[in-house]
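Chemist:
In my numbering, the protein residues as written are 4 to 160.
1) If we ignore side chains and look at the alpha-carbon of each, how far apart do residue 58 and residue 147 end up?
2) Would DSSP call residue 26 helix, strand or coil?
3) Alpha helix (DSSP H) containing residue 129: first to last residue?
4) Drop a sphere of 10 angstroms on the beta-carbon of residue 89, count the other beta-carbons inside from all chains shown, and report buried for 16 or more, exposed for fewer.
5) Taking 8 Å as the limit between beta carbons, can you name the residues of its chain near residue 83, skipping five residues before and five after?
6) Check whether the segment 116 to 131 touches the segment 39 to 48, taking contact to mean three or more Cβ pairs, one atom from each stretch, closer than 8 Å.
7) Taking only beta-carbon atoms, is residue 68 less than 8 Å away from chain D?
8) Under three-state DSSP, which class holds residue 2?
9) Does DSSP put residue 59 in a helix, in a strand, or in coil?
10) Tell me which residue opens and which closes the beta strand (DSSP E) that residue 93 is part of.
11) Does the Cβ-Cβ distance between residue 66 and residue 138 come in under 8 Å?
12) What residue from 77, 62 and 34 has the CA that sits closest to residue 134's CA?
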C-alpha cells in the first residue's frame with residue numbers, strides 16, 4: 004500500500020466511526036437553543052433536571068425512558084435532560100447553557116435538585132416528580148388527558 008491509500012483508508016474509517024457525546028473540555032460541541040414555545044401544540048416535553056449525569060436518580064430515569072422509546076414517540080413526547088454540570092440534551096441533541104439555565108429558572112429548579120416535569124402540548128406543567136417515576140405512570144396520565152383521547156380516537160378512524 005502506498006501512503007495515499009493508507010491516508011485515504013484512515014480518513015474513510017474515521018468518517019464512518021461512531022460519534023459519542025464528549026465533554027466540552029474535550030472538544031467544541033455545536034449546541035442549539037431550546038425553547039419550550041417552539042414545541043407548543045406539537046410535542047409534550049419530559050424535562051429531567053439533575054445536578055450532573057453522575058446523579059443516580061438521573062441515570063435511572065433516563066434509562067427507564069430510553070427503554071420506552073416507542074411509548075414516547077406514540078405520545079409525541081420529547082425527552083429533554085437539563086444538567087447543572089455537563090451537557091444538556093433535547094432528543095440527544097446538545098442544547099446551549101443559556102437554554103438550560105432558562106428552563107431551570109422557569110421551573111424554579113435549584114442546581115442540586117432532581118426533578119421530572121411533564122409539560123403538555125399547551126405549554127403548561129402537568130406533573131412534577133422529585134423521585135424517579137415509571138414511564139408507564141407518565142403514559143397513563145397523558146392517556147387520560149382530553150387532547151390525547153382525541154389523538155387516539157383520530158388514529159382509530
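Beta carbons: idealized from backbone N, C-alpha and C, even for Gly. Note that the structure is predicted; figures quoted are calculated from it, not measured.
Modeler: Judging by the given coordinates:
1) Straight-line Cα distance between these residues: approximately 31 Å.
2) For residue 26, the predicted model reports a pLDDT of 46, less than 50, meaning its position is unreliable; a value from the coordinates is still stated below. In the three-state scheme derived from DSSP, where H, G and I count as helix and E and B as strand, residue 26 is classed as coil.
3) No alpha helix (DSSP H) contains residue 129, which is instead part of the beta strand (DSSP E) from 128 to 132.
4) Buried, because 16 or more other Cβ atoms sit within 10 Å of the Cβ of residue 89.
5) Cβ within range, chain order: 37, 48, 49, 50, 51, 91, 92, 93, 94, 98 and 106.
6) Two segments are said to touch when three or more pairs of C-beta atoms, one from each, lie closer than 8 Å; by this definition the segment 116 to 131 touches the segment 39 to 48.
7) Considering every chain present, this structure includes no chain D. It has just one protein chain.
8) Residue 2 lies beyond the residue range present for the chain, which begins at 4 and ends at 160; the question has no answer from this structure.
9) In this structure, residue 59 counts as helix in the three-state DSSP scheme.
10) 91 to 93 is the span of the beta strand (DSSP E), which, as asked, contains residue 93.
11) Residue 138 is positioned such that its CB atom lies no closer than 8 Å to that of residue 66.
12) With distances taken between Cα atoms, residue 134 lies closest to 62.
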